[in-house]
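Asker:
Protein chains in written order, with this note's numbering: chain A, 1 to 188; chain B, 1001 to 1188.
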């Protein structure tokens, strides 16, 4: 899916002519292992994933924890830094070769001044981001690693074999050995 | 502050005439201890706190955890349920007598169809909610209970003596005795 198709689907519109599209989009490519946003950077772009997978990590005391993965047709960025323009405490890394479209923050803010569809789009997307964060928060508070792994399987099974096991374990907050035990138990 | 003053401040506008205000607002009062939103309810209102304090709790296995407090001039509701219209897993209870203004969900959605300022307001408010949730998530992952208590003191010291100690402890995820130790250490 292209970003424009995604934009139209969010707004429940079949078509937006190019000349009234409220902000510009830039195609970008990242090689597997590339750092898209690094710790301490001030986020200036919002990305739409055409193809690929990224991880979002945060440093928690001595260890690095993975707080999210983003897949095809999803938007991602260091969103808190994008909003408050303070140095980000997350890092975004390409887990596979990635093809993305990037919306520049300045262009988006300019569109927010005047454009009803841009504000609708931004509002709905932020609502979805909020829901995603809530689900994760409740998962951390109320679910076991096994329950969270089953959810990952249900929602993103076709991508999971592209993510190293130790990264999935770090996302679930458990040792890779514990994840192996869970996987063995589930396949038996 | 009234909700209309809050609305104008969010939109950086000095004045919105009553006849172009994009949705209606209803004044409501809740007695201390009243349940504003109960577990399993589908959220249909968005509240602005004129005066008072509420807690937001979630059931985590056998225990109930407090995930947030809301104070004067803040907006609150079971926002995930407000968005997805599924039964909420949080409960909102008045910790003091509360005076609030309520925006009905249907009225807000109708305003979102056509109104640029309503969408701007909704977008900015959701962005703020997202930032609040992020700060809390990072606190849970990366901060000690003592650090989080100091943050509470810094941001809301004037309200804290209205909240029972056991509720603050339940918010920090520690035993009331541990909170007493932290408080003693800080005052010595």
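Backbone N, C-alpha and C fix where the C-beta goes; we use that ideal spot for every residue, glycine too.
Can you say whether residue 33 of chain A is buried or exposed, counting buried as having 16 or more other CB atoms within 10 angstroms of its CB?
Answerer: exposed
Asker: Using a beta-carbon distance cut-off of less than 7 Å, what residues from the segment 1007 to 1021 of chain B approach chain A?
Answerer: none
Asker: So with Cβ pairs under 8 Å, would you call residue 1183 of chain B a contact of chain A?
Answerer: Taking Cβ atoms only, chain A never reaches closer than 8 Å to residue 1183 of chain B, which makes this a no.
Asker: Would you please verify whether the beta carbon of residue 1119 of chain B is less than 8 Å from any beta carbon of chain E?
Answerer: The displayed structure is made up of protein chains A and B, and chain E is not among them.
Asker: Spatial neighbours of residue 71 of chain A within its chain, please: C-beta separation below 7 Å, excluding the five flanking residues on both sides.
Answerer: 49, 53, 156, 159
Asker: Counting contacts by CB-CB distance shorter than 8 Å, is residue 84 of chain A in contact with chain B?
Answerer: Residue contact check for residue 84 of chain A against chain B: a CB pair falls below 8 Å.
Asker: May I ask you to list the residues that DSSP assigns as paired with residue 57 of chain A?
Answerer: Beta-bridge pairing links residue 57 of chain A to A:66, A:91.
Asker: Identify the contact partners of residue 1043 of chain B in chain A, using a Cβ-Cβ distance below 8 Å as the criterion.
Answerer: Within chain A, no residue comes near residue 1043 of chain B; the closest Cβ sits about 13 Å away, beyond 8 Å.
Asker: For residue 1108 of chain B, tell me which candidate among A:108, A:102, A:123, A:112 has the shortest Cα-Cα distance.
Answerer: Of the listed residues, the one whose Cα sits closest to residue 1108 of chain B is A:123.
Asker: Which residue's Cα is closest to the Cα of residue 1104 of chain B: B:1087, B:1046, B:1015, B:1161?
Answerer: B:1046
Asker: Using a threshold of 8 Å, state whether the C-beta atoms of residue 1093 of chain B and residue 1035 of chain B are closer than that.
Answerer: yes
Asker: Counting along the chain, where does the alpha helix (DSSP H) carrying residue 158 of chain A start and finish?
Answerer: Residue 158 of chain A -> alpha helix (DSSP H) spans 145 to 160.
Asker: From the DSSP output, which residues share a beta bridge with residue 28 of chain A?
Answerer: Note: residue 28 of chain A sits in a beta bridge opposite A:100.
Asker: If I follow the unbroken beta strand (DSSP E) through residue 1186 of chain B, where does it start and stop?
Answerer: Judged by DSSP secondary structure, residue 1186 of chain B falls outside any beta strand (DSSP E) and instead within the alpha helix (DSSP H) spanning 1176 to 1187.
Asker: Check whether the Cβ atoms of residue 171 of chain A and residue 66 of chain A sit closer than 8 Å, and answer yes or no.
Answerer: yes
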